[in-house]
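Q: I have a structure I would like to understand better, so I am pasting it below and will then ask my questions one at a time.
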Amino acid sequence: MAAETIPDREVNRVYVCSCFGITDKQVKDHAAAGACTPRQIASVTKAGTDCGSCVRTIQGILGRGACPRRELLEKGGAAAVLAVDPELAEAA
Numbered sequence: 002m003a004a005e006t007i008p009d010r011e012v013n014r015v016y017v018c019s020c021f022g023i024t025d026k027q028v029k030d031h032a033a034a035g036a037c038t039p040r041q042i043a044s045v046t047k048a049g050t051d052c053g054s055c056v057r058t059i060q061g062i063l064g065r066g067a068c069p070r071r072e073l074l075e076k077g078g079a080a081a082v083l084a085v086d087p088e089l090a091e092a093a
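When we follow this note's numbering, the leftmost residue of the sequence shown carries the number 2, and every step to the right adds one.
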């Protein structure tokens, strides 16, 4: 009998925000799209806006590295950020 496979979305799901069911992968995906601060993550996911216990974890995931959104602002202004992710432009 063949072993049953579990879809990728079910494996290694680590919840960062249990209030809104936000995973570390979702935070990383939004960070890759340009979210550089917990406030920007909150604007697109609501993570950190209820009990707030996940804010430090989100800060840890975001780290202190380069910020693609900030780099876009420096190069092309708000229009460049808006083109990448309209919700992030609102969170600026």
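Beta carbons: idealized from backbone N, C-alpha and C, even for Gly. Owing to the predicted nature of the structure, the values given are computational and were not obtained by experimental measurement.
(1) Skipping 5 residues on each side, what residues in its chain have a beta carbon closer than 7 Å to that of Gly20?
(2) Between which two residues does the beta strand (DSSP E) holding Val17 run?
(3) Can you look up Thr38 in the DSSP assignment and give me helix, strand or coil?
(4) From Ile42 to Ser54, what does the alpha carbon distance come to, in whole angstroms?
(5) Could you tell me which residues DSSP puts in a beta bridge with Thr24?
(6) If you compare alpha carbons, which of Asn13, Arg57 and Val15 is closest to Ala38?
(7) Please classify Ala32: is it buried, with 16 or more other beta-carbons within 10 angstroms of its beta-carbon, or exposed?
A: Taking the definition as stated:
(1) Against the sequence shown, residue 20 aligns to sequence position 19. First, the residue type needs correcting, since residue 20 is Cys and not Gly in the sequence shown. Apart from sequence neighbours up to five positions away, the residues of its chain that approach Cys20 with a beta-carbon distance below 7 Å are Asp51 and Cys52, ordered along the chain.
(2) In the sequence shown, counting from the first residue as 1, residue 17 sits at position 16. Element bounds for Val17: Tyr16 to Cys18.
(3) Within the sequence shown, residue 38 is the residue found at index 37, counting from 1. Thr38 falls in the coil class under three-state DSSP.
(4) Translated into positions along the sequence shown, residue 42 becomes position 41. Translated into positions along the sequence shown, residue 54 becomes position 53. Going by the C-alpha atoms only, they are around 14 Å apart.
(5) Walking along the sequence shown from the start, residue 24 turns up at place 23. Bridge partners of Thr24: Tyr16.
(6) Within the sequence shown, residue 38 is the residue found at index 37, counting from 1. Per the sequence shown, the amino acid found at residue 38 is Thr instead of Ala. It is Arg57.
(7) Position 31 of the sequence shown, counted from the first residue, corresponds to residue 32. Classification of Ala32: buried, given that the 10 Å Cβ count is 16 or more.
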